[in-house]
Amino acid sequence: MLKKAGLCLLILTSSFSVAASEKAVIGSTAKMSVAHADLSYVARIDTGAVNTSLHAYDIEVEGGSAENMKDNIGKMVSFTTENNAGEKKRLKAKIVKTSTVSNSQGTETRYMVDLDVGFKGKERKVRVNLRDRSHMDYKLLIGRNWLKGRYVVDVSEKKLIGPTAPISVVESGLIFKTRIDTGAVENSLHAYDMKIDNEDPDMEKNVGKVIHFTTENEKGESHVVKSRIVETSLIRNAQGSEIRYMVELKIGEPGHEYKVKVNLRDRSKMSYKLLIGRNWLQGHYIVDVSK
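Going by my numbering, the first residue of the sequence shown is number 7, and it counts up by one from there.
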């Protein structure tokens, strides 16, 4: 009986291997084209997403939008899309469905249209939901409805980074000797002399306002940075808890920076003036502490 079970498992494993080998391998990101727009995108390959999603804004339903989004199915919708290079195109497509997406921010309903998406010259029709992805690294997200039956995803293409690394903050023009900390949710940047335009005593009411602050690296080089507060963050540590302002800055290895949220705090007594957390590492790097 045991031998038969082992044989069945071997056959099943072999069948899976053959099935997988018949599919193409794709990495965690890929250069993709949306044929209708004649634009290229650096796309995130996301096996956690059911549907493919495209950056779209200024969305307008022709003939006027009904209050219930489902009542707009069958109507034409026009929208602007933009790739990572800032190239824009106005598109028009028929609304074929609506999808309700749940995430950490809650739920939202999006329009879905059929577009030709894929590698340049090999695009194929797929259902795409439209949403504003302006604050996201990737303006095109490839979901399971494009991958299914054709691709297996290999995420091992992520770059290795050690426990410390020279990291650039573009807005400051400075390079920091940075601690890479997988235990931290967020990035944290040394900031002092913080001044907010029309500051309110209630920190939450300052979200959206412009903040000016000075940052300084380990060499003592400093620069005044101007940014906009995007949210506040409650940080808990061994000393207790505190609320910090968060801004979006371009951070990364020199020449490979990308926009990410950073909390601001006085790190003058700390060895590292910039700490990199999981919100910068996730999807991009594997940390090797032996480097």
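Note that the Cβ used here is the ideal one computed from N, Cα and C, for glycine as well.
No experiment lies behind these values; they were computed from the predicted model shown.
Quick check: what's the CA-CA separation for residue i versus residue j?
i: Gly33; j: Arg50; result: 9 Å
i: His218; j: Tyr198; result: 9 Å
i: Tyr117; j: Glu222; result: 45 Å
i: Met209; j: His290; result: 32 Å
i: Ile202; j: Lys81; result: 45 Å
i: Lys128; j: Val40; result: 10 Å
i: Glu263; j: Glu177; result: 11 Å
i: Leu180; j: Tyr47; result: 29 Å
i: Ser277; j: Gly226; result: 12 Å
i: Val24; j: Leu153; result: Residue placement at Val24 is poorly supported in this model, since its pLDDT is 41, which falls under 50; the coordinates are not used for a value here.
i: Pro169; j: Asp272; result: 22 Å
i: Ser233; j: Val216; result: 6 Å
i: Ser71; j: Thr113; result: 20 Å
i: Thr184; j: Ala171; result: 5 Å
i: Gly214; j: Arg96; result: 28 Å
i: Gly246; j: Pro207; result: 21 Å
i: Gly149; j: Ser108; result: 15 Å
i: Thr220; j: Lys126; result: 45 Å
i: Asp138; j: Arg250; result: 26 Å
i: Ile167; j: Leu121; result: 37 Å
Using beta carbons (cut-off 8 Å, strictly below), is residue i in contact with chain B?
i: Phe85; result: Reference to chain B is not applicable here, since this structure consists of a single protein chain.
Rounded to whole angstroms, how far is the Cβ of residue i from the Cβ of residue j, which I believe are closer than 8 Å?
i: Ala55; j: Leu147; result: 6 Å
i: Leu224; j: Lys279; result: Just to set this straight, residue 224 is Glu in the shown sequence, not Leu. The pair is a contact, with the Cβ atoms about 6 Å apart (cut-off 8 Å).
i: Val119; j: Leu136; result: 7 Å
i: Val236; j: Met252; result: 6 Å
i: Phe85; j: Ile101; result: Not quite, the Cβ-Cβ distance comes to about 11 Å (not below 8 Å), so this is no contact.
i: Ser5; j: Asn285; result: Any question about residue 5 goes unanswered here, given that the chain covers just 7 to 297.
i: Val67; j: Asn57; result: With a Cβ gap of about 20 Å, Val67 and Asn57 do not count as contacting.
Quick check on this structure: which residue in the options has the alpha carbon closest to the alpha carbon of residue i?
i: Ile173; options: Asp203, Ser274 and Pro260; result: Pro260
i: Lys267; options: Ser274, Leu281 and Ser277; result: Leu281
i: Gln98; options: Val134, Asn90 and Ile167; result: The amino acid at residue 98 is misidentified as Gln; the sequence shows Lys. The shortest C-alpha separation from Lys98 is found at Val134.
i: Glu73; options: Thr115, Ser247 and Glu88; result: Thr115
i: Gly283; options: Thr113, Asn78, Ser233 and Ile241; result: Ile241
i: Gly69; options: Thr53, Val83 and Lys76; result: Val83
i: Glu93; options: Ser140, Leu121, Phe125 and Gly149; result: Ser140
i: Ser239; options: Thr113, Ser108, Asn212 and Ala91; result: Asn212
i: Ser274; options: His196, Arg130 and Leu121; result: His196
i: Ser228; options: Lys126, Ile167, Phe125 and Phe182; result: Phe182
i: Asn151; options: Arg130, Met142 and Ser108; result: Arg130
i: Ala91; options: Asp206, Asp138, Asp143 and Ser108; result: Asp143
How about residue i and residue j: do their beta carbons lie closer than 8 Å?
i: Leu287; j: Val295; result: no
i: Met200; j: Val123; result: no
i: Val175; j: Ile257; result: yes
i: Ala30; j: Arg156; result: yes
i: Leu45; j: Thr87; result: yes
i: Lys76; j: Thr104; result: yes
i: Lys145; j: Asn89; result: yes
i: Glu254; j: Lys265; result: yes
Note to self: Three or more C-beta pairs under 8 Å: does that hold for the stretch 175-194 against the stretch 55-66?
What the structure shows: Because the criterion of three Cβ pairs below 8 Å is not met, the stretch 175-194 and the stretch 55-66 do not touch.
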